[in-house]
Amino acid sequence: MDEAEGRQGPPAALDWSRVRDALRGGHIGGTGAAFVYLNNTPSTNTYARGLAGQNLPGGSVVVADDQTAGRGRLGRGWSVPPRTGLTFSVALRPPAADGAFGNGLIMAAALALYDLIHDDLGLRPQLKWPNDLLLAGRKVSGILVEASGAVGGGDGLYILGIGVNVNAAPPALEQRATCLATALGRPLDRAAVLIALLRRLDATRAHLQRQPDAVWQRWRSSLSTLGQDVRVGLPGGGGVSGRAEDVAPSGALLVRDAAGHLHTLHAGDVTLSPPG
Ligand code: BTN
220 MDEAEGRQGP
230 PAALDWSRVR
240 DALRGGHIGG
250 TGAAFVYLNN
260 TPSTNTYARG
270 LAGQNLPGGS
280 VVVADDQTAG
290 RGRLGRGWSV
300 PPRTGLTFSV
310 ALRPPAADGA
320 FGNGLIMAAA
330 LALYDLIHDD
340 LGLRPQLKWP
350 NDLLLAGRKV
360 SGILVEASGA
370 VGGGDGLYIL
380 GIGVNVNAAP
390 PALEQRATCL
400 ATALGRPLDR
410 AAVLIALLRR
420 LDATRAHLQR
430 QPDAVWQRWR
440 SSLSTLGQDV
450 RVGLPGGGGV
460 SGRAEDVAPS
470 GALLVRDAAG
480 HLHTLHAGDV
490 TLSPPG
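All residue numbers for the sequence shown refer to this note's numbering, where the first residue is 220 and numbers rise by one.
In structure tokens, the structure reads:
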């Protein structure tokens, strides 16, 4: 995975047909699944949700070289320079009546990114609750899972959206974000990264269907947040400070405050509390 896309001149378009060919044997992007490449779109998650109403097969992939209104967690945006990163969505159909699949999918996706960055690229990522991958304390990737249709009833889809800063980080977030190329000291071939990541994702997704508890345990033991003193900003405003003690099988973060109360937090934004 060591090629030099974009070394000279403007960044090239993603070689999506190479990605499609490489995925033929798997569930994600494989035979029967749709593979949509877009030069630009407001958001691949929004695009995939639009297709979901038209019987989109599970395992389908929507990838864009530029998003004009990319969406992040907690109502935030996701914006990266065109053709420098990966912005894509995967449509996955949950096993019948598996209400916990959506939570597990977030964990499976975070582990796929962790494995890509750690095992395939030889870097040392941190996994920040719930699903941010960091390098040297700066965000390199984010995950947004959305349900489309009646997922609990068996005819819906989960839309798993992933953004990875490959060859550039958003200039506006210089202090908080980084990219794989900065960590490695060389640019990367985005198609090769996408192939490796989708294969990793297919493996962690299959593991989730076989052994959801094992995926939760692996995600739990990979989280760098546990054992830390944190402040968790809550979606509705306000926050909770305390020690991040554990996570529940649902993915909720368990934080014990100074008075000894245990808070079960389902969503939020973690920052480390300064020592002392
Ligand atoms: C986050 O960390 O806040 C989640 C970011 C998720 C961004 C990806 S990029 C592809 C997909 N389409 C979107 O609009 N968002 C997700």
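C-beta: ideal position from N, C-alpha, C; glycine also.
Asn264 has its Cβ nearer than 7 Å to a heavy atom of the ligand BTN. The secondary-structure analysis by DSSP pairs Ile378 across a beta bridge with Ala310 and Glu365. Taking the Cα of Leu293 as reference, the smallest distance to any Cα among Leu427, Glu365, Pro390 and Gly375 is reached at Glu365. The DSSP-derived three-state label of Arg418 is helix. Counting only residues of its own chain and dropping the five nearest sequence neighbours on each side, Leu342 has a CB closer than 8 Å to the CB of Ile336, Leu354, Leu399, Ala402 and Leu403. A distance of 8 Å or more separates the beta carbons of Ala232 and Pro261. By the C-beta criterion, the segment 268–285 is judged to be in contact with the segment 244–251, since at least 3 inter-stretch pairs fall below 8 Å. Counting along the chain, the unbroken beta strand (DSSP E) around Gly452 starts and ends at Asp448 to Gly452.
If you draw a straight line from the Cα of Ser440 to the Cα of Ser308, it is about 26 Å long. Closer than 7 Å to some heavy atom of the ligand BTN: that describes the Cβ of Ile362. By the CB criterion at 8 Å, Val449 and Val474 fall inside the cutoff. The C-beta of Gly380 has 16 or more other C-beta atoms within 10 Å across all chains shown, which makes the residue buried. By the Cβ neighbour-count rule, Ser469 is exposed, with fewer than 16 other Cβ atoms within 10 Å of its own. Annotated three-state conformation of Arg237 is helix, per DSSP. When only Cα atoms are considered, Met326 and Asn350 end up about 7 Å apart. Sequence-distant partners of Val489 (beyond 5 residues in either direction) whose C-beta falls short of 7 Å from its own C-beta, in its chain, are Lys347, Trp348, Thr444, Val449 and Val451.
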